[in-house]
Amino acid sequence: MSRDLEGRFRDRSVARDLQTLADMIGIWCEGHHADRERRPLQSEASDLGSYRRRVRVCEECAGHLRYAEKRRALCPKDPKPFCAHCEIRCYRAEEAAWQRQVMRYSGPRSMWRGHFLDGLRHMFETFRHRRQARRTGSQNDESTGLAGNPDRGPSDRAPE
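When we follow this note's numbering, the leftmost residue of the sequence shown carries the number 6, and every step to the right adds one.
Spelled out as structure tokens, the structure:
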């Protein structure tokens, strides 16, 4: 692992985002993969102590989480916006689609599992982003891939 990546995993805001992401994936895994064995996560970030709480997920979800760890750590934005609101598309299309599914499922459930303030922060950030997009007219800009719906990226736009 490079020193840059190691330093990013130790960054407080990156670690907070990773913990939230791991918790969301944990909710998804618990709800969709209850029949699978869920083990403590083994990853570069977990080995460096980036997580405050133990993360237990199945091997499939662990693979997605390892991919997301690197994407988050290498994010060029500072401060980092929510991925749904960002004009840069860091994730491969299939990973982005999987993450959207996870967030749609886990988001509402997370409010009752220790992420109430994170949920409120996300809700206010979404309102702020939509208000700003309306002012600048960027929701109708096809180049952002968000035409008419800030939760949709270029890979899941409806066929024309």
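Built from N, CA and C at the ideal position, the CB exists for glycine as well. As the structure is a computational prediction, the values presented were derived from the model and not from experiment.
What span of residues does the alpha helix (DSSP H) with K85 cover, start to end? According to the DSSP assignment, K85 belongs to no alpha helix (DSSP H), since it is labelled neither H nor E.
For W33, collect the residues of the same chain with a Cβ closer than 6 Å to its Cβ; drop the 5 residues on either side in sequence, then sort them by chain order. Excluding sequence neighbours, W33 sits near V107, Y110, S111.
Going residue by residue through the segment 81-133, where are the continuous alpha helix (DSSP H) segments of at least 4 residues, counting only ones entirely within it? With a minimum length of 4 residues, the continuous alpha helix (DSSP H) runs that stay inside the segment 81-133 are 98-115.
What are the start and end residues of the alpha helix (DSSP H) that includes R13? Element bounds for R13: 8-15.
As assigned by DSSP and simplified to three states, the class of V60: Of the three classes helix, strand and coil, the one that applies to V60 here is coil, per DSSP.
Reducing DSSP to helix, strand and coil, say where R41 ends up. In the structure shown, R41 adopts coil according to DSSP, grouped into three states.
At the level of alpha carbons, what is the spacing between R133 and E100? The C-alpha of R133 lies about 26 Å from the C-alpha of E100.
Boundaries of the alpha helix (DSSP H) in which S51 is found, first to last residue: 49-52 is the span of the alpha helix (DSSP H), which, as asked, contains S51.
In whole angstroms, give me the CA-to-CA distance for F14 and A138. Distance between the alpha carbons of F14 and A138 is about 31 Å.
To which residues of the same chain is I30 closer than 7 Å at the C-beta, ignoring the five residues directly before and after it? For I30, where only same-chain residues beyond five positions count, the Cβ hits under 7 Å are V62, C66, H69, L70, V107.
S18 in three-state terms, based on DSSP: When secondary structure is reduced to three states using DSSP, S18 falls in the helix class.
Determine, using beta-carbon pairs with one atom in the segment 46-56 and one in the segment 69-83, whether at least three such pairs fall under 8 Å. Result yes; three or more Cβ-Cβ pairs closer than 8 Å.
With a threshold of 6 Å on Cβ separation, who are the neighbours of R41 within its own chain once the five nearest residues in sequence on each side are excluded? Excluding residues within five positions, the ones whose Cβ falls inside 6 Å are C63.
Among F129, E35, S7, which has the Cα closest to the Cα of H90? Nearest option by C-alpha distance: F129.
Neighbourhood of Q24 by C-beta, 6 Å cutoff - its chain only, sequence neighbours within 5 removed: The residues are Y56, R57.
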